[in-house]
Amino acid sequence: ITNPGYMKDGFFVCIETMHCPDRGDQENVHELPPEKLKMREVEFIDIGSDPVIAKDYKETEDPSKFKSEKTGRGPLTGNWRDTVDPVMCAYKLVTVEFKWLGLQTRVEHFIQSTERRLFLKFHREVFCWIDQWYGLTMADIRKMEEETKKELQAQIAEGEVRGTLGDD
1 ITNPGYMKDG FFVCIETMHC PDRGDQENVH ELPPEKLKMR EVEFIDIGSD
51 PVIAKDYKET EDPSKFKSEK TGRGPLTGNW RDTVDPVMCA YKLVTVEFKW
101 LGLQTRVEHF IQSTERRLFL KFHREVFCWI DQWYGLTMAD IRKMEEETKK
151 ELQAQIAEGE VRGTLGDD
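For the sequence shown, my numbering gives the first residue as 1, with consecutive numbering after it.
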């Protein structure tokens with residue numbers, strides 16, 4: 001995320017991710033020092049059952065209804081987090097600083113809640129798109145990355161502004 005010049009050091013967003021083959025039970029996967037660990041808030045995101053706002057919902061991207069033809073994984077129902085195997089947890093550490101008197105708490109809360117919404121939506125999509133990416137080689141992935149990069153550059157140069165709005 002770029003920082004507008006007038007904000008100088010007053011605005012900062014950093015997202016760090018660790019993917020681990022576990023069920024989200026590591027206490028300090030990001031190795032935070034004690035003073036930051038005390039400030040940390042933990043949010044569990046359940047891609048199978050957490051509510052999704054109406055405009056983000058697509059039945060084809062609902063892990064509680066999806067079953068992979070290639071892997072047999074899904075649907076994610078009931079206590080799937082305790083029973084499915086293999087399993088992976090994406091630990092996200094979102095650090096937000098917005099130093100502007102009168103707006104700091106509100107803006108930081110807005111950014112955190114928007115990130116949670118994006119993580120939920122994105123990881124639901126990734127799970128339900130497994131048949132499109134399962135079995136790809138690194139060469140396949142690099143080729144897709146390059147094609148995506150070109151598409152994004154073209155959209156930036158000539159396309160209309162798109163993205164996720166923060167409204168719920």
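Where is the CB? At the ideal position from N, CA and C, for every residue including glycine.
Following the DSSP letters along the chain, one finds Phe127 inside the alpha helix (DSSP H) bounded by residues 104–128.
The C-alpha of Glu151 lies about 14 Å from the C-alpha of Val161. Boundaries of the beta strand (DSSP E) harbouring Leu93: 89–98, taken from the DSSP string. Judged by DSSP in its simplified three-state form, Thr137 adopts coil rather than helix or strand. Rounded to the nearest whole angstrom, the CA to CA distance from Thr71 to Trp129 is 12 Å.
Excluding the 5 residues flanking it on each side, Ser68 has same chain C-beta neighbours closer than 8 Å at Gly74, Ile130, Asp131, Tyr134, in chain order. In the structure shown, Glu69 falls within a coil segment according to DSSP collapsed to helix, strand and coil. A distance below 9 Å separates the beta carbons of Leu120 and Val52.
Taking all protein chains in view, the Cβ of Arg40 is surrounded by fewer than 16 other Cβ atoms within 10 Å, so the residue is classified as exposed. A distance below 7 Å between beta-carbons, with the five flanking residues on each side excluded, links Cys89 to the following residues of its chain, in chain order: Cys20, Asp22, Arg23, Gly24. The criterion of a C-beta distance shorter than 9 Å is not satisfied by Ile15 and Val126. The beta carbons of Ile47 and Arg124 sit closer together than 9 Å. Distance from the CA atom of Ile156 to the CA atom of Glu35, rounded to whole angstroms, is 41 Å.
Residue range 11–20 is occupied by the beta strand (DSSP E) that includes Met18. The three-state secondary structure of Tyr6, taken from DSSP, is helix. Secondary structure note for Glu35: its alpha helix (DSSP H) is the uninterrupted segment 34–39. In this structure, the alpha-carbon of Val96 lies about 15 Å from that of Leu118.
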